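Comments concern the structure below.
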Amino acid sequence: MLLNFSKIAYRNLLNNKSFSAINIIGLALGIACSIVLFLFILDELNFDTFNKKASQIYRLYVHSSINNEESNNAKTAPTAGPTLVQMLPEVLTQTRIGYFGVHDLRYKDKIFRENSIYTADSTYFDVFTLPFIHGDPSIALKNPNSIVLTQTMASKYFGQENPTGKSFLVDGTNSYQITGVMKDFPDKSHFRCDFLLSMSTYPQVNQQNWLQGNYSTYIVLKEGVDPTRVERKMQQVILDRLGPDLEKALGFSMQQFLANGNVFAYRMQPLLSIYLHAKRQYNIDPNTEWGNARIGDSMYVYIFSVVALFILLIAVINFVNLSTARSEKRAKEVGIRKAIGSSRLKLMGQFTTESIVLTGLSVLVALFLIQLMLPGFNQIAGRQLVLPLFTHAYTLPSLFAFTLIVGLLAGSYPAFFLSSFRPVEVLKSGVQKRKSSLRSLLVITQFSISITLILGMIIIRNQLGYLQHKDLGFNKEHLLSINNGAALGDKLKPFKAELLKNPAILSVSNSSLLFANGIPGSAYLLENGRVPIRF
Numbered sequence: 001m002l003l004n005f006s007k008i009a010y011r012n013l014l015n016n017k018s019f020s021a022i023n024i025i026g027l028a029l030g031i032a033c034s035i036v037l038f039l040f041i042l043d044e045l046n047f048d049t050f051n052k053k054a055s056q057i058y059r060l061y062v063h064s065s066i067n068n069e070e071s072n073n074a075k076t077a078p079t080a081g082p083t084l085v086q087m088l089p090e091v092l093t094q095t096r097i098g099y100f101g102v103h104d105l106r107y108k109d110k111i112f113r114e115n116s117i118y119t120a121d122s123t124y125f126d127v128f129t130l131p132f133i134h135g136d137p138s139i140a141l142k143n144p145n146s147i148v149l150t151q152t153m154a155s156k157y158f159g160q161e162n163p164t165g166k167s168f169l170v171d172g173t174n175s176y177q178i179t180g181v182m183k184d185f186p187d188k189s190h191f192r193c194d195f196l197l198s199m200s201t202y203p204q205v206n207q208q209n210w211l212q213g214n215y216s217t218y219i220v221l222k223e224g225v226d227p228t229r230v231e232r233k234m235q236q237v238i239l240d241r242l243g244p245d246l247e248k249a250l251g252f253s254m255q256q257f258l259a260n261g262n263v264f265a266y267r268m269q270p271l272l273s274i275y276l277h278a279k280r281q282y283n284i285d286p287n288t289e290w291g292n293a294r295i296g297d298s299m300y301v302y303i304f305s306v307v308a309l310f311i312l313l314i315a316v317i318n319f320v321n322l323s324t325a326r327s328e329k330r331a332k333e334v335g336i337r338k339a340i341g342s343s344r345l346k347l348m349g350q351f352t353t354e355s356i357v358l359t360g361l362s363v364l365v366a367l368f369l370i371q372l373m374l375p376g377f378n379q380i381a382g383r384q385l386v387l388p389l390f391t392h393a394y395t396l397p398s399l400f401a402f403t404l405i406v407g408l409l410a411g412s413y414p415a416f417f418l419s420s421f422r423p424v425e426v427l428k429s430g431v432q433k434r435k436s437s438l439r440s441l442l443v444i445t446q447f448s449i450s451i452t453l454i455l456g457m458i459i460i461r462n463q464l465g466y467l468q469h470k471d472l473g474f475n476k477e478h479l480l481s482i483n484n485g486a487a488l489g490d491k492l493k494p495f496k497a498e499l500l501k502n503p504a505i506l507s508v509s510n511s512s513l514l515f516a517n518g519i520p521g522s523a524y525l526l527e528n529g530r531v532p533i534r535f
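The sequence shown: position 340 = 340 (the UniProt record's numbering), numbered continuously.
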């Protein structure tokens, strides 16, 4: 029976080429756009999943409320991680990351100023999964003055050589031995860098007090441990150690601080939520994230999900409306089939099969359109999206299921509508036009969604135009920033004077930070003898 349905569906496609082409192309465009958007959504949801212990890793952050002013800070005291490993049996291990700054790295006659250098504990590679090309990750950051670099940086300085055992000269004074080369950080990592220095090079880090928050701390919980329970236990451990430093610095105890209605607590954020939810769900101050951290926004995932569903819904509604609009042409066919004994169930099966065949062809066309659309979309979105047809086991079954579901949804109403014709009335006087409240609702829905999407597109276009043409108070097209200015030292003035000799240069200035960037930091405020703290 299914084979017979398929043959009839194929003949109907050939006999109605124009209608079939319009229906296939319309549905294919909707499917292609939806799949591209869903690829983007899956890409957003895939951050940090490459880590083997991803579900057990948590980042510590500081939640404080001082004089009813709330703050969430991604930087913690450097002593927090080691203390939790020592005091809480549920914590398997930890690692800290600290920014090392901008420095000159030299190997023989090659010297470059690098700004993506970080310090990390020897346990860094126990926490995060980063494959090594050369060296042993378990000991790479164990000894002082050790440095691990990425594959790209190794090629930059050493070409095809194995650089392990060689040394960098940092700022012309300090020597760091290369103990490993790791693969570049995956594109789906919220944190990336070019160099990692051993934290043991700077033992003074472990003597810093609990009021200093300048390190990112990640902990790994043992399997099966309840993170909520660990977070509760963690508070007393932290407060017991923070209290003496607070009293020494400010002259009052932690109990007094909390009794005044203030809040200070260490909390845990799952690794897999950092990229999408740090901004909204956890309200973490973006100035406390690393400068090269990749932070997304869950709101975009929701918006793109709705847009993708709307586009697909428009395409499906269009398919339904076109199919039902052809009812007059197929009315006699239905009447004859019923007259010779075909049941309504068989007719519905026939029309549903035709719908699934059309949907299947639309999916094939959509796959071709996706390949045409992805390069442009990737350029706009700054991504490297691909459709993993044969590289992921779930892709083809998902497309097959998608074809069946969309085919059934798109074909159910036309099948029900066409199979409801009475053979005597149809053969005698043809199909009578009937008002269909459902069809009217579909048309209204289609136009409403279309208008909503068009208005949204116009608003976004206007906003982008505003951003591009907003008067910033300076001509950004004629402004050049040199990030290495600090390296000039006492030669800054002669350098500026030399630049001004060029008639193409109108003026020269310098600053410690680019004025368009944020300036993260901590502040202490004195108010009427009281010393509230802002973290």
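Think of the CB as a built atom: it goes at the ideal place given N, C-alpha and C, for glycine as much as any other residue.
As the structure is a prediction and not an experimental result, all values here were calculated from the model.
| task | May I ask you to report which of helix, strand or coil DSSP gives arginine 534? | result | Within the sequence shown, numbered from 1, the residue matching residue 534 stands at position 534. Only weak support is given to the placement of arginine 534: the predicted model assigns it a pLDDT of 46, under 50, and the question is left unresolved by the model.
| task | Could you check which residue in Asn318, Ser34, Val91 and Ala293 has the C-alpha nearest to that of glycine 26? | result | Along the sequence shown, read from residue 1 onward, the residue named residue 26 stands at position 26. Nearest Cα to glycine 26 within the set Asn318, Ser34, Val91 and Ala293: Asn318.
| query | What are the boundary residues of the alpha helix (DSSP H) that includes alanine 80? | reply | What you label residue 80 is simply residue 80 of the sequence shown in a count that begins at 1. Residues 80 to 87.
| task | Give the range of the alpha helix (DSSP H) segment to which methionine 153 is assigned. | result | As a first step, residue 153 must be located in the sequence shown, where it is residue number 153. From DSSP, the alpha helix (DSSP H) with methionine 153 extends over 151 to 158.
| Between which two residues does the beta strand (DSSP E) carrying isoleucine 117 extend? | Here residue 117 is taken as the residue at index 117 of the sequence shown, counted from 1. Here the beta strand (DSSP E) through isoleucine 117 covers 110 to 120.
| message | Considering only DSSP beta bridges, list what arginine 267 is partnered with. | response | As a first step, residue 267 is located in the sequence shown; it is residue number 267 there, counting from the start. Under the DSSP definition of a beta bridge, arginine 267 partners with Tyr61.
| field | Inter-residue CB distance, serine 167 and glutamine 160 (contact presumed, cutoff 8 Å) | value | Residue numbering aside, residue 167 sits at position 167 when the sequence shown is read from its first letter. Residue numbering aside, residue 160 sits at position 160 when the sequence shown is read from its first letter. Taking 8 Å as the upper bound for CB-CB distance, serine 167 and glutamine 160 are not in contact here, some 19 Å apart.
| Sorted by chain position, which residues of the same chain lie with C-beta nearer than 6 Å to aspartate 121's C-beta, five sequence neighbours on each side aside? | In the sequence shown, the residue the question calls residue 121 occupies position 121. Correct list, in chain order: Thr95, Arg96 and Met199.
| said: For arginine 308 and phenylalanine 100, which I take to be in contact (beta-carbon distance under 8 Å), what is that distance rounded to the nearest angstrom? | reply: As a first step, residue 308 must be located in the sequence shown, where it is residue number 308. As a first step, residue 100 must be located in the sequence shown, where it is residue number 100. The amino acid occupying residue 308 in the given sequence is alanine; arginine does not appear at that position. Alanine 308 to phenylalanine 100, Cβ: 42 Å. No contact.
| query | Can a CB atom of chain B be found closer than 8 Å to the CB of alanine 381? | reply | Looking for chain B here will not work: only one protein chain is present.
| glutamate 44, enclosing alpha helix (DSSP H) - first and last residue | Here the question's residue 44 lines up with position 44 in the sequence shown. 17 to 45 is the span of the alpha helix (DSSP H), which, as asked, contains glutamate 44.
| Presumed contact (8 Å Cβ cut-off) between leucine 88 and valine 230, rounded CB distance | The residue given as residue 88 occupies position 88 in the sequence shown. The residue given as residue 230 occupies position 230 in the sequence shown. Contact flag correct, Cβ pair sits at about 6 Å.
| task | Decide if the region 226 to 245 is in contact with the region 103 to 111; the criterion is three or more beta carbon pairs, one per stretch, under 8 Å apart. | result | Short answer: they don't touch.
| query | Between the Cα of isoleucine 133 and the Cα atoms of Thr123, Ser146 and Thr150, which residue gives the shortest distance? | reply | On the sequence shown, residue 133 is found 133 positions in, with the first residue counted as 1. Per the Cα distances, Thr150.
| task | Could you spell out where the alpha helix (DSSP H) holding phenylalanine 304 opens and where it closes? | result | For this step, residue 304 is matched to residue 304 along the sequence shown. For phenylalanine 304, the enclosing alpha helix (DSSP H) begins and ends at 298 to 325.
| task | Using 10 angstroms around the beta-carbon of aspartate 48, count the other beta-carbons present and answer buried if the total reaches 16, otherwise exposed. | result | Taking the sequence shown and counting its residues from 1, the one referred to as residue 48 is at position 48. By the 10 Å Cβ count, aspartate 48 comes out buried.
| query | Does DSSP put valine 148 in a helix, in a strand, or in coil? | reply | The residue you call residue 148 lines up with position 148 of the sequence shown. In the three-state DSSP reduction, valine 148 falls in the strand class (E or B).
| Is the beta carbon of threonine 403 sitting closer than 8 Å to the one on valine 363? | For the purposes of this step, residue 403 is taken as residue 403 along the sequence shown, with counting starting at 1. For the purposes of this step, residue 363 is taken as residue 363 along the sequence shown, with counting starting at 1. Yes, they are a contact pair.
| task | Can you tell me which of the three DSSP states glycine 172 falls into? | result | Start at 1 with the first residue of the sequence shown, and residue 172 comes out as number 172. Glycine 172 sits in coil when the DSSP states are folded into three classes, being neither helix nor strand.
| Over what stretch of residues does the beta strand (DSSP E) that includes tyrosine 124 continue unbroken? | Residue 124 sits at position 124 when you count from the first residue of the sequence shown. Note, tyrosine 124: premise wrong, no beta strand (DSSP E); alpha helix (DSSP H) at 124 to 127.
| task | Please state whether DSSP places threonine 164 in a helix, a strand or coil. | result | The residue you call residue 164 lines up with position 164 of the sequence shown. Three-state DSSP puts threonine 164 in coil, outside helix and strand.
| task | Determine the burial state of isoleucine 277: buried for a count of at least 16 other Cβ atoms within 10 Å of its Cβ, exposed for fewer. | result | Here residue 277 is taken as the residue at index 277 of the sequence shown, counted from 1. According to the sequence shown, residue 277 is histidine rather than isoleucine. By the 10 Å Cβ count, histidine 277 comes out buried.
| message | Buried or exposed, going by whether 16 or more other CB atoms sit within 10 Å of the CB of serine 355? | response | Translated into positions along the sequence shown, residue 355 becomes position 355. Buried, since its Cβ has 16 or more Cβ neighbours within 10 Å.
| Residues that DSSP places opposite aspartate 104 in a beta bridge | Position 104 of the sequence shown, counted from the start, is the residue given in the question as residue 104. According to DSSP, which records beta bridges pairwise, aspartate 104 is partnered with Arg113.
| query | Is it buried or exposed for phenylalanine 112, if we count other Cβ within 10 angstroms and need 16 for buried? | reply | Taking the sequence shown and counting its residues from 1, one reaches residue 112 at position 112. Phenylalanine 112 counts as exposed, since fewer than 16 other beta carbons sit within 10 angstroms of its beta carbon.
| At least three beta-carbon pairs within less than 8 Å, the region 41 to 55 to the region 204 to 217 | No, because fewer than three Cβ pairs between the region 41 to 55 and the region 204 to 217 fall closer than 8 Å, the two stretches do not touch.
| Anyone know if the C-beta pair for serine 20 and leucine 312 falls short of 8 Å? | Walking along the sequence shown from the start, residue 20 turns up at place 20. Walking along the sequence shown from the start, residue 312 turns up at place 312. Contact: no.
| request: Out of Ile370, Tyr275, Val316 and Thr395, point me to the one whose CA is closest to methionine 299's CA. | output: For the purposes of this step, residue 299 is identified with residue 299 of the sequence shown, where counting begins at 1. When Ile370, Tyr275, Val316 and Thr395 are compared, the shortest CA-CA separation from methionine 299 is found for Tyr275.
| task | For the alpha helix (DSSP H) containing glycine 243, list its first residue and its last residue. | result | Reading the sequence shown from its first residue, position 243 is the one you call residue 243. Residue range 227 to 250 is occupied by the alpha helix (DSSP H) that includes glycine 243.
| query | According to DSSP, which residues form a beta bridge with serine 71? | reply | Taking the first residue of the sequence shown as position 1, residue 71 is located at position 71. DSSP lists Ser64 as the beta-bridge partner residues of serine 71.
| Counting along the chain, where does the alpha helix (DSSP H) carrying phenylalanine 257 start and finish? | The residue labelled residue 257 in the question sits at position 257 within the sequence shown. Annotation for phenylalanine 257: the continuous alpha helix (DSSP H) segment containing it runs 254 to 259.
| Whose CA, out of Ala32, Leu506 and His63, lies closest to the CA of tyrosine 282? | Along the sequence shown, read from residue 1 onward, the residue named residue 282 stands at position 282. Measuring C-alpha to C-alpha distances from tyrosine 282 to each of Ala32, Leu506 and His63 identifies His63 as the nearest.
| message | Can you give me the C-alpha to C-alpha distance between valine 36 and serine 398, rounded to a whole angstrom? | response | Walking along the sequence shown from the start, residue 36 turns up at place 36. Walking along the sequence shown from the start, residue 398 turns up at place 398. Rounded to whole angstroms, valine 36 and serine 398 show a C-alpha spacing of 15 Å.
| field | Separation of glycine 81 from valine 531, as counted between CA atoms | value | The residue labelled residue 531 in the question sits at position 531 within the sequence shown. The residue labelled residue 81 in the question sits at position 81 within the sequence shown. Reliability of the predicted coordinates at valine 531 is poor, the pLDDT of 48 falling under 50, and the value obtained from them is presented with this limitation in mind. When rounded, the separation of the alpha-carbon atoms in valine 531 and glycine 81 is 27 Å.
| said: Assuming the contact rule is C-beta atoms closer than 8 Å, alanine 410 and leucine 29 should be a hit. Round their C-beta distance to whole Å, please. | reply: By one-based count along the sequence shown, residue 410 stands at place 410. By one-based count along the sequence shown, residue 29 stands at place 29. Actually they are not in contact, since the Cβ atoms of alanine 410 and leucine 29 sit about 14 Å apart, beyond 8 Å.
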